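Protein chains in written order, with the working numbering: chain H, 2 to 476; chain G, 2 to 476. From the three backbone atoms N, C-alpha and C, an ideal C-beta is built for every residue, glycine too. For clarity, every value in this text was computed on a predicted model and none was experimentally measured.
Number of protein chains: 2
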Amino acid sequence: MIFSQVDTILQQICPSGFKKPVLIGVSGGPDSLCLLDIAYRLGYPLIAAHFNHGLRPEADADAAFVDRTGATLGVRVLQGKEDVAGYAREHKLTIEEAARLLRYRFLFTQARLNSAQAVAVAHTADDQVETVIMHFLRGSGLSGLKGMVMVTLPNPWSQEIPLIRPLLSSWREEIVRYCQDRRLEPVEDRTNLDTAYHRNRLRHELIPFLERFNPQIGKVIWRTAQTLSGDDEILAQAVWSAWEGCLAAQGPGYLAFHHSSLLMQPRGMQRRLVRRGIDRVLSGLDDIGFDIIENAVNFINTPSKTASLSLAAGMYLLLEGDRLWLAAWETELPGFDWPQASGTSPIYLDAPGETPLPHGWRLKTDRIATDDLPASFLTNLNDYQAWSSAECLHFPLSVRPRRPGDRYQPLGMEGKSQKVSDLMINAKLPRRARKAWPLVCSGEDIIWIPGQPIAHRFRIQPGTRQVLYLQMYKS
Amino acid sequence: MIFSQVDTILQQICPSGFKKPVLIGVSGGPDSLCLLDIAYRLGYPLIAAHFNHGLRPEADADAAFVDRTGATLGVRVLQGKEDVAGYAREHKLTIEEAARLLRYRFLFTQARLNSAQAVAVAHTADDQVETVIMHFLRGSGLSGLKGMVMVTLPNPWSQEIPLIRPLLSSWREEIVRYCQDRRLEPVEDRTNLDTAYHRNRLRHELIPFLERFNPQIGKVIWRTAQTLSGDDEILAQAVWSAWEGCLAAQGPGYLAFHHSSLLMQPRGMQRRLVRRGIDRVLSGLDDIGFDIIENAVNFINTPSKTASLSLAAGMYLLLEGDRLWLAAWETELPGFDWPQASGTSPIYLDAPGETPLPHGWRLKTDRIATDDLPASFLTNLNDYQAWSSAECLHFPLSVRPRRPGDRYQPLGMEGKSQKVSDLMINAKLPRRARKAWPLVCSGEDIIWIPGQPIAHRFRIQPGTRQVLYLQMYKS
């Protein structure tokens, strides 16, 4: 039963069949011994890899046992050993974390060196159930509740070599029976160092307790994991496609979403996009708290007046126009894609001519007879060009940043002039672009704020014969 | 705290604000009393509806208490009462199921009669946690693990009136404190008749036990529900769009998928589509087992030779060409979209002329001089027309179904003739279409099987002057 089941699974998940070796992590316990024995009988080329955590008195005896087992079968055994406790101290990890990290690093290093097609570990259906319950108790969402998967690629240790779990549908009971039938004599099963204590309480206290509520609890949870695993795959596809639609920019330490696209997504998708975004900006954050995500999603849906939100872990959200930036505090945001004046002193303009401004922007001016005005003058849809009556201007014109007290009345805007600073806020200019936004002046008068219509006073009027054409563009 | 929280929630979820009444289900326990009191203080027009299950000695006293509470507040109270136990016996339901069914029916009937904007029930954050754990123990997948939602519309009782749960983010502890602060004196809380026993064990045994593993277990599970609820929304969208892409036909008791489209979906999506399909074909099946879905999905990915699979619950899958039928056994599948001979005796053909066949199909014949052959003769892409040398035919031609021993060699097919029955299988003719598939005969010889090239023997050859054109079509 278990033999043919694992046979079928191995056929499905071994990428190169019998051509390249499968590297099996063998602790010497019943699970890994059973896996080794079945794969051996099926004729797969094998490497047994044993990692000695050096944490228990019997560790060396276990290593020797795996050596003997390999010798009996004629399977090569690779031994690894490191100072787990020391590594844990040094890197501020728990013993379990350090053990896991060093073990998998060993397995995948050996797999690479020996051109293995896969690293196989002996997690069972019972391990799966325990994993799911552990995640349920921790509240880790779908990605945790789906449990482990049969094939993981890419995985944290390799882009090419899959991590496979051929026993994931097999119950410990069948494995123990298999070992008995085959007269295998595994060492005592203490393989699973990860959170061993927690896991043992789960196994010996919680699961029996849950069985009082549902005697089939193991099977039920195993199935839940299967189902959720499939759901997670669907979600991953959906998130991927939403991500593609919402991402506006990304770079080291930052990314930007199209805010309007985010708003069209259901809340659950917003959550997942933010989570993925945070993961991109500050990869390696293990547990992004529920509240952080909720705050971020609330901000997306009702951005505060200050247009920015500090997230934990040294990140923030910043809304600029339709761009929602997600960035680490220390990152310099890119995308100074706005015209800017340079410094505080005015730059004088050639008219006609072109004047270079910072960040590759240029201000072009031209004189046109009113009769020669292009039709676009009337249907001007580009905020970065304007036509002024040349006759009321004092040359040379200049470009400067705003000053306290600056006021402006754009053409067509009813009523009186308004503060330039207010106008910039209303026009949703990004905060960091406002300070040096270029104002085109004639003497002391602002004749044009690029992005706005020409100043009312300097508009073309009946009787205007000479027109000054202004255009701001990026070369 | 709870007051302002519920205020915010009611503003978000009450579709018509203060214009139409909210009907609140009031048992008289702390939860519903708290909800009633808050909504009353916020100024919502209210109706209190009490359903007397008549199951407990204090039932009538509880009803009277709700009457008095309504009178004190000046809120109208509607009383409902039915013989729950009798209804349960009659309809073979558990007491809990019957109580729930009758209670919600009462609430929504009254909501409709009184033009209420919503039916509000007082499920709390604790109820949410209990619900999620209950589903976890049962293995009910994402749709169960996501718990209850704040607003359900459509719901099983109405397409227009939402079922709302304004206390779903409030913990029982806050509610009890609120009742004390407001000097409300609720009756003993035994409102939740649904699976009361199971729920009580959950509340008093399991949750305290789980708290030993994670003291925050309640909050953690509540958050899991929130997150999964968002995920479920994304999934629903994805499933909806895949459903649209895969559905080929549907009617009472059956539906069909495009098999090729199903095959392109990930396994998790196939599961969900099958589940939804089963739900459509036999609505009201409460629990479609995991194994049924897995069998169906396995069949989809590797259809067996017999091309059909019996599912439980009186349903089956049937693969016909690219159509995957999902149907109840007693349903007559539609779509006899194939040409068929009628009965077993031959139908004689007019040539030239048109002969009607069953199901609206017609067989048209025409005599053409070889010189007048259309160009399409050479590039014939329509399986339902053919050209034969008229000179070798014996008129009148006839149409009949296959007989044991029939053989055929299509033009261009190498080698010898093959059994007609094998040819039909190879050509992937639907099983139920094969038996009466029309064969066009000249005397005892089959000259054409519609869907196949003309018989080799009757092809146009050098020297053929008269051609018989054959076309099968549906009018």
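Would you kindly work out how many angstroms separate the C-alpha atoms of residue i and residue j, rounded to a whole number?
i, j, result
"residue 42 of chain H", "residue 13 of chain H", "17 Å"
"residue 56 of chain G", "residue 176 of chain G", "26 Å"
"residue 168 of chain H", "residue 125 of chain H", "5 Å"
"residue 192 of chain G", "residue 60 of chain G", "Note that residue 192 of chain G scores 48 on pLDDT, short of 50, meaning its location in the model is unreliable; the coordinates nonetheless yield the value given after this. Straight-line Cα distance between these residues: approximately 10 Å."
"residue 244 of chain G", "residue 294 of chain G", "16 Å"
"residue 364 of chain H", "residue 284 of chain H", "41 Å"
"residue 386 of chain G", "residue 465 of chain G", "18 Å"
"residue 207 of chain H", "residue 50 of chain H", "32 Å"
"residue 423 of chain H", "residue 404 of chain H", "13 Å"
"residue 195 of chain G", "residue 149 of chain G", "In this prediction, residue 195 of chain G scores a pLDDT of 46, lower than 50, which makes its location untrustworthy; no coordinate-derived value is stated."
"residue 432 of chain H", "residue 308 of chain H", "9 Å"
"residue 272 of chain H", "residue 248 of chain H", "14 Å"
"residue 258 of chain H", "residue 326 of chain H", "6 Å"
"residue 27 of chain G", "residue 142 of chain H", "34 Å"
"residue 72 of chain H", "residue 162 of chain H", "26 Å"
"residue 366 of chain G", "residue 469 of chain G", "7 Å"
"residue 299 of chain G", "residue 312 of chain G", "12 Å"
"residue 139 of chain H", "residue 322 of chain G", "48 Å"
"residue 315 of chain G", "residue 281 of chain G", "14 Å"
"residue 146 of chain H", "residue 320 of chain H", "34 Å"
Of all Cβ atoms in chain H, is any one closer than 8 Å to the Cβ of residue i?
i, result
"residue 208 of chain G", "no"
"residue 232 of chain G", "yes"
"residue 229 of chain G", "yes"
"residue 14 of chain G", "no"
"residue 110 of chain G", "no"
"residue 176 of chain G", "no"
"residue 211 of chain G", "yes"
At a CB-CB cut-off below 8 Å, which residues of chain H make contact with residue i?
i, result
"residue 128 of chain G", "Per Cβ cutoff of 8 Å: no residues; residue 128 of chain G is ~17 Å from chain H at best."
Counting contacts by CB-CB distance shorter than 8 Å, is residue i in contact with chain G?
i, result
"residue 391 of chain H", "no"
"residue 371 of chain H", "no"
Please determine, among the options, the residue with the shortest C-alpha to C-alpha distance to residue i.
i, options, result
"residue 459 of chain H", "H:280, H:323, H:442 and H:34", "H:442"
"residue 471 of chain H", "H:400, H:116, H:226 and H:422", "H:400"
"residue 392 of chain G", "G:463, G:323, G:356 and G:322", "G:463"
"residue 354 of chain H", "H:202, H:369 and H:210", "H:369"
"residue 267 of chain H", "H:240, H:256, H:291 and H:340", "H:240"
"residue 437 of chain G", "G:152, G:340, G:166 and G:113", "G:340"
"residue 342 of chain G", "G:173, G:356 and G:37", "G:356"
"residue 219 of chain H", "H:144, H:202 and H:129", "H:129"
"residue 224 of chain G", "G:333, G:127 and G:53", "G:127"
Could you check whether residue j and residue i sit closer than 8 Å to each other, using their CB atoms as the reference points?
i, j, result
"residue 274 of chain G", "residue 263 of chain G", "yes"
"residue 31 of chain H", "residue 187 of chain H", "yes"
"residue 131 of chain H", "residue 204 of chain H", "yes"
"residue 99 of chain H", "residue 78 of chain H", "no"
"residue 348 of chain G", "residue 409 of chain G", "no"
"residue 118 of chain H", "residue 22 of chain H", "yes"
"residue 335 of chain G", "residue 231 of chain G", "no"
"residue 329 of chain H", "residue 278 of chain H", "no"
"residue 137 of chain G", "residue 210 of chain H", "no"
Note down, in chain order, every chain G residue with its Cβ under 9 Å from the Cβ of residue i.
i, result
"residue 235 of chain H", "235, 236, 239, 240, 243, 266, 267, 269, 270 and 273"
"residue 142 of chain H", "224, 225, 228, 229 and 232"
"residue 215 of chain H", "138, 139 and 140"
For a contact defined as C-beta to C-beta under 8 Å, what are the partners of residue i on chain G?
i, result
"residue 279 of chain H", "Going along chain G, no residue has its Cβ under 8 Å from residue 279 of chain H, so there is no contact; the nearest lies around 15 Å."
"residue 218 of chain H", "138"
"residue 291 of chain H", "224, 227 and 228"
"residue 221 of chain H", "138, 139 and 140"
Going along chain H in order, which residues have a C-beta closer than 7 Å to the C-beta of residue i?
i, result
"residue 150 of chain G", "Simply none; closest approach about 12 Å."
Does any CB atom of chain A fall closer than 8 Å to the CB of residue i?
i, result
"residue 352 of chain G", "Judged by its chain identifiers, the structure shown contains no chain A, and its protein chains are H and G."
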